[in-house]
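All remarks here apply to the structure that follows.
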Amino acid sequence: EQGQEGEQERGFYLAHSPERIMTGYSISRLREFPKVVGGANRESGVRAFEVYKNFVPNLHLVSSARVAEFIKIAEGCYRDVNVGLANELFRIAEELGVDFYEAREFANHEYCHLLLPSTGVGGHCIPVYPWFLIRAAERAEQRGKFGSARLLRAAREGNDEMVEYWAERIILGCLRVNKPLSEVKICVKGITFREGVKELYHSRNLALARSLSEKGLNVFVYDELFSRAEVEEGLGLRFLELEEVGEADLVFDCFGLKIESREKEKNGESGHGRK
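Here it is in structure tokens:
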């Protein structure tokens, strides 16, 4: 932003409008979500606003490019922290023998909206953006201005820990199968970072499959969006077709958080994350 006034005299303007779309819903989100634009100075912001208003219906001019970017980052942090809260409450509920899903159903109302637990947070934005503010807070702390972003860091690290949490749950499930651990056939079902979207960027589900494989377990994956070649040649993991999933001794549904064991089903039982 330094020297921008002088650049303006030469006909150069600088503005920023962060994307707030979602993979698979780009056009609809562009129409529905408020789009913000801010300039390095007032004139830059106004000129960018005049361009965007020709094709963006829900457009808002904010005071600066810095504010525009902070809006996007704050939105990602909000999501990450709330996912982290859901994951932590889920883990505590499991330890206390409480059905988290039942509790969530009646806890949620106009002023409370607990999200669903997950294997963590993936995608292009949310796992990355909190670190911008965490690092900025750390630099400020070094200058004696204020403390580090403890909540953002705790949520970020807690969400990343969910991969190992579910790996441990899966291993415990395998130990209940009447086979040596290394011979238990595991199927990780769903490897994308979000259900129904063929994207693997920072996918915690893919990270889970790889973590189990690195532990020496007999791991396969299934995802309806991928072919055998894409998984085995592109990702270095073993693939099961849909009709082969039933041959696995244990299946973990990454989006439903269900752990199902063939051995238990023979006894009329089913092990899963939702008790």
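Numbering (this note's numbering), first residue to last: 325 to 599.
Ideal Cβ positions, reconstructed from N, Cα and C, are used throughout, including at glycine.
Check	Outcome
F424, enclosing alpha helix (DSSP H) - first and last residue	F424 to A431
4 or more residues per run - each alpha helix (DSSP H) lying fully within the segment 364-419	366-376
Contact set for G408: own chain, Cβ-Cβ below 6 Å, skip 5 residues either direction	A479, G482 and N483
For G446 and G580, the rounded distance between their alpha carbons	16 Å
Close-in-space but distant-in-sequence residues of the same chain around P441 (CB under 6 Å, 5 per side omitted)	A410, N411 and F414
Rounded separation between A417 and L439 - CA only	14 Å
Span separating the alpha-carbon of F357 from that of E492	39 Å
Endpoints, the beta strand (DSSP E) within which C578 is located	Looking at the DSSP string, C578 is not in any beta strand (DSSP E), and its letter there is neither H nor E.
Other residues of its chain near L499: CB distance less than 8 Å, five sequence neighbours each side excluded	L505
Alpha helix (DSSP H) segment containing S350, residue limits	S350 to E356
Neighbourhood of E519 by C-beta distance below 8 Å, restricted to the same chain and skipping five residues each side	F579
Continuous beta strand (DSSP E) stretch holding N542: start and end	N542 to Y546
CA nearest to the CA of L566, picked from G558, L524, C511 and R528	C511
Sequence-distant residues of its chain with Cβ nearer than 8 Å to E548 (five each side left out)	L566
Nearest-angstrom Cβ-Cβ length linking S387 and L338, presumed shorter than 8 Å	So it is not a contact: roughly 14 Å between Cβ atoms.
Boundaries of the alpha helix (DSSP H) in which S341 is found, first to last residue	Note, S341: premise wrong, no alpha helix (DSSP H); not H, not E.
Alpha carbon of I395 to alpha carbon of K539, nearest angstrom	40 Å
Continuous beta strand (DSSP E) stretch holding V512: start and end	K509 to K513
Sequence-distant residues of the same chain with beta carbon closer than 7 Å to K503, five excluded per side	D573
Classification of K469 by the beta-carbon crowding that lies within 10 angstroms, buried from 16 upward	exposed
With 16 other Cβ atoms within 10 Å as the buried cut-off, status of H437	exposed
Simplified DSSP assignment, three categories, for I583	strand
Helix, strand or coil at G520 [DSSP, three-state]	coil
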